[in-house]
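Colleague:
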Amino acid sequence: MDRKSQLVQGLLFGIVFGFLLQKGGATRYEVIIGQLLLEDFTVVKIMLSAVLTGMIGVHLMKRLGWVRLSPKSGSWSQNVIGGLIFGAGFALLGYCPGTIAGAIGNGFLDALAGGLTGILIGSGLFAGLYPRLRDGILKKGYYGDVTLPRLLKVGDWTVIVPLSTLLALTLFLLERAGI
Amino acid sequence: MDWLTAWSWSPYAAGVGIGVLSWLTLYFSGHPLGCSTSFARTAGMIEKLFRGREVEEKLFYREIPPVVDWQWMLVVGMVLGAFLSALLSGDFRLQWVPPRWEAAFGGDRLTRIVAAVAGGILLGFGSRWAGGCTSGHGISGTMQLALSSWVSACCFFVGGIVTALLIF
Numbered sequence: 136m137d138r139k140s141q142l143v144q145g146l147l148f149g150i151v152f153g154f155l156l157q158k159g160g161a162t163r164y165e166v167i168i169g170q171l172l173l174e175d176f177t178v179v180k181i182m183l184s185a186v187l188t189g190m191i192g193v194h195l196m197k198r199l200g201w202v203r204l205s206p207k208s209g210s211w212s213q214n215v216i217g218g219l220i221f222g223a224g225f226a227l228l229g230y231c232p233g234t235i236a237g238a239i240g241n242g243f244l245d246a247l248a249g250g251l252t253g254i255l256i257g258s259g260l261f262a263g264l265y266p267r268l269r270d271g272i273l274k275k276g277y278y279g280d281v282t283l284p285r286l287l288k289v290g291d292w293t294v295i296v297p298l299s300t301l302l303a304l305t306l307f308l309l310e311r312a313g314i
Numbered sequence: 004m005d006w007l008t009a010w011s012w013s014p015y016a017a018g019v020g021i022g023v024l025s026w027l028t029l030y031f032s033g034h035p036l037g038c039s040t041s042f043a044r045t046a047g048m049i050e051k052l053f054r055g056r057e058v059e060e061k062l063f064y065r066e067i068p069p070v071v072d073w074q075w076m077l078v079v080g081m082v083l084g085a086f087l088s089a090l091l092s093g094d095f096r097l098q099w100v101p102p103r104w105e106a107a108f109g110g111d112r113l114t115r116i117v118a119a120v121a122g123g124i125l126l127g128f129g130s131r132w133a134g135g136c137t138s139g140h141g142i143s144g145t146m147q148l149a150l151s152s153w154v155s156a157c158c159f160f161v162g163g164i165v166t167a168l169l170i171f
């Protein structure tokens, strides 16, 4: 596909993504902080239902040979340390890189003037330090692009079926608990 | 068409919608949903404005070139989509300090902006360190069953919950 149609497709899919995030409430500071304080489970409900729906669909398409999946490569030090730093920023800012785009569209100026500036600075800082990190700490505990089925040496659906059940059960229990 | 102007949808409607959207982006564009790399590309574009072409020679930007790509346009689209949805919902408002922040830390704009910049720095740095964010790892990576994404997504929430409980 040529570059121009790729860019147009990205824009159109982004409009849908932003629309869904705003309608779901995920562009609001209150909803994100409510989730991290374990008071309001909207974010978890959106994410788990998206993962549940997405997981079944993309693996069916993979099975049919329609798409190729691209699991990200990683290491313990990369995903644990990076994940915890991300989490601290997530709570301090109250938006994440996706929902901040939505928050800007929602008119939230702390997202535009503060959060966006910060994310750009943080990304630039990492780019500067990258040569020193790449073959050092980021490679500690390297496991590459391994997936859960490959790790457990089973077929995809042997993981998907119980995992889907677990995700659905979690959502059911959240509703039962009224949170 | 009341659903278009509803103030909010069930989180399940939004979530299933995002799940279906992830099928479509993979099928039609060959890309999973993701956001944070675009901010790194943008940081490179801004650095290029000041330092010129030599920025492209930096190791990081040789791997992640500072150019507009599919995902960058996705993020631009997200701003537009959320704007459209907020307008239709009657929720569009120019707001400096979120009410919940104001209740806990007061209404001073500068304090909120300083905290937001600091949080953003950690978010930008952490997402590049981890190789993704709440969309790329948290949604697209977990649905592809990648170990890296499940580990990252758990750590996003562990770090987030601990920090939120500490500051509130």
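Heads up: the protein sequence lines correspond to chains A and B, in order. The numbering used here numbers the first residue of the first sequence as 136 and each following residue consecutively. The numbering used here numbers the first residue of the second sequence as 4 and each following residue consecutively. Glycine is no exception: its CB is placed at the ideal position from the N, C-alpha and C atoms. None of these values were measured; they are calculated from a predicted model.
Taking Ser-13 of chain B as the reference, give the member of A:Leu-244, A:Leu-273, A:Arg-163 and A:Leu-155 with the closest Cα.
Modeller: Residue numbering aside, residue 13 of chain B sits at position 10 when the second sequence is read from its first letter. Checking every option, the nearest Cα to that of Ser-13 of chain B belongs to A:Leu-155.
Colleague: Thinking just about the alpha-carbon of each residue, which of B:Ala-167, B:Gln-147, B:Ser-130 and B:Phe-171 is nearest to the one in Ser-155 of chain B?
Modeller: By one-based count along the second sequence, residue 155 of chain B stands at place 152. Per the Cα distances, B:Ser-130.
Colleague: Can you find at least 3 beta carbon pairs, one from the region 144–161 of chain B and one from the region 187–203 of chain A, that sit closer than 8 Å?
Modeller: Yes, the region 144–161 of chain B touches the region 187–203 of chain A.
Colleague: Using a C-beta cutoff of 9 Å, does Leu-288 of chain A count as contacting chain B?
Modeller: The residue labelled residue 288 of chain A in the question sits at position 153 within the first sequence. Here residue 288 of chain A is Lys; the residue named in the question, Leu, does not match the sequence. No, no contact with chain B.
Colleague: In chain order, what are the residue ranges of uninterrupted beta strand (DSSP E) at least 3 long that sit wholly in the region 154–182 of chain A?
Modeller: Segments of the beta strand (DSSP E) lying fully in the region 154–182 of chain A: there are none.
Colleague: Roughly how many whole angstroms lie between the Cα atoms of Trp-104 of chain B and Leu-52 of chain B?
Modeller: Residue 104 of chain B sits at position 101 when you count from the first residue of the second sequence. Residue 52 of chain B sits at position 49 when you count from the first residue of the second sequence. Rounded to whole angstroms, Trp-104 of chain B to Leu-52 of chain B spans 35 Å at the Cα level.
Colleague: I want to see whether chain A comes within less than 9 Å of Arg-60 of chain B, judged by CB atoms only; does it?
Modeller: Within the second sequence, numbered from 1, the residue matching residue 60 of chain B stands at position 57. Sequence check: residue 60 of chain B is Glu here, not Arg. Judged by the 9 Å Cβ criterion, Glu-60 of chain B is not in contact with chain A.
Colleague: Would you verify that the beta carbon of Ala-146 of chain B is, or is not, closer than 9 Å to some beta carbon of chain A?
Modeller: Your numbering for residue 146 of chain B matches position 143 in the second sequence. The identity of residue 146 of chain B in the sequence shown is Met, whereas the question assumes Ala. Judged by the 9 Å Cβ criterion, Met-146 of chain B is in contact with chain A.
Colleague: So, under 8 Å CB-CB, Gly-136 of chain B and Cys-38 of chain B are touching, yes? Tell me the CB distance rounded to an integer number of Å.
Modeller: Residue mapping note: residue 136 of chain B aligns to position 133 of the second sequence, counting from 1. Residue mapping note: residue 38 of chain B aligns to position 35 of the second sequence, counting from 1. Correcting the residue identity first, residue 136 of chain B is Cys in this sequence and not Gly. Right, their Cβ atoms sit about 6 Å apart.
Colleague: Do you know offhand how far Thr-40 of chain B's Cα is from Ile-67 of chain B's?
Modeller: Here residue 40 of chain B refers to the residue found at position 37 when the second sequence is read from its first residue. Here residue 67 of chain B refers to the residue found at position 64 when the second sequence is read from its first residue. Taking the straight line joining both Cα atoms gives about 8 Å.
Colleague: What is the residue span of the beta strand (DSSP E) that Tyr-265 of chain A lies within?
Modeller: The residue you call residue 265 of chain A lines up with position 130 of the first sequence. Not the beta strand (DSSP E): Tyr-265 of chain A falls in the alpha helix (DSSP H), residues 251–268.
Colleague: To the nearest angstrom, how far is the alpha carbon of Val-161 of chain B from that of Gly-218 of chain A?
Modeller: Working through the second sequence from its first residue, we reach residue 161 of chain B at position 158. Working through the first sequence from its first residue, we reach residue 218 of chain A at position 83. Straight-line Cα distance between these residues: approximately 9 Å.
Colleague: DSSP beta-bridge partners for Tyr-277 of chain A?
Modeller: Position 142 of the first sequence, counting from 1, holds the residue named residue 277 of chain A. DSSP lists A:Ser-210 as partners of Tyr-277 of chain A.
Colleague: Any heavy atom of the ligand HEM closer than 8 Å to the Cβ of Gln-147 of chain B?
Modeller: This structure lacks the ligand HEM; in fact it carries no ligand of any kind.
Colleague: Strictly below 7 Å CB to CB, what residues from chain A border Pro-35 of chain B?
Modeller: As a first step, residue 35 of chain B must be located in the second sequence, where it is residue number 32. Within 7 Å Cβ-Cβ: Ser-205.
Colleague: Counting C-beta neighbours from all protein chains within 10 Å, is the total for Glu-50 of chain B 16 or more, i.e. buried, or is it exposed?
Modeller: Looking up residue 50 of chain B in the second sequence gives position 47. By the 10 Å Cβ count, Glu-50 of chain B comes out buried.
Colleague: For the region 159–172 of chain A against the region 227–237 of chain A, are there 3 or more C-beta pairs whose distance is under 8 Å?
Modeller: Result yes; three or more Cβ-Cβ pairs closer than 8 Å.
Colleague: Going by DSSP, which residues form a beta bridge with Thr-282 of chain A?
Modeller: Residue numbering aside, residue 282 of chain A sits at position 147 when the first sequence is read from its first letter. Answer is B:Ala-149.
Colleague: Alpha carbon to alpha carbon, how far is Gly-313 of chain A from Ser-184 of chain A?
Modeller: What you label residue 313 of chain A is simply residue 178 of the first sequence in a count that begins at 1. What you label residue 184 of chain A is simply residue 49 of the first sequence in a count that begins at 1. Spanning the two alpha carbons is a distance of roughly 17 Å.
Colleague: Rounded C-beta distance between Gln-213 of chain A and Gly-163 of chain B? I'm assuming under 8 Å.
Modeller: Counting from one through the first sequence, the residue named residue 213 of chain A turns up at place 78. Counting from one through the second sequence, the residue named residue 163 of chain B turns up at place 160. About 18 Å separates the two Cβ atoms, so there is no contact after all.
Colleague: Exposed or buried, which one is Trp-10 of chain B when buried takes at least 16 other CB atoms within 10 Å?
Modeller: On the second sequence, position 7 is the one that residue 10 of chain B refers to. It counts as exposed.
Colleague: Secondary structure at Phe-95 of chain B, three-state DSSP: helix, strand or coil?
Modeller: By one-based count along the second sequence, residue 95 of chain B stands at place 92. Of the three classes helix, strand and coil, the one that applies to Phe-95 of chain B here is coil, per DSSP.
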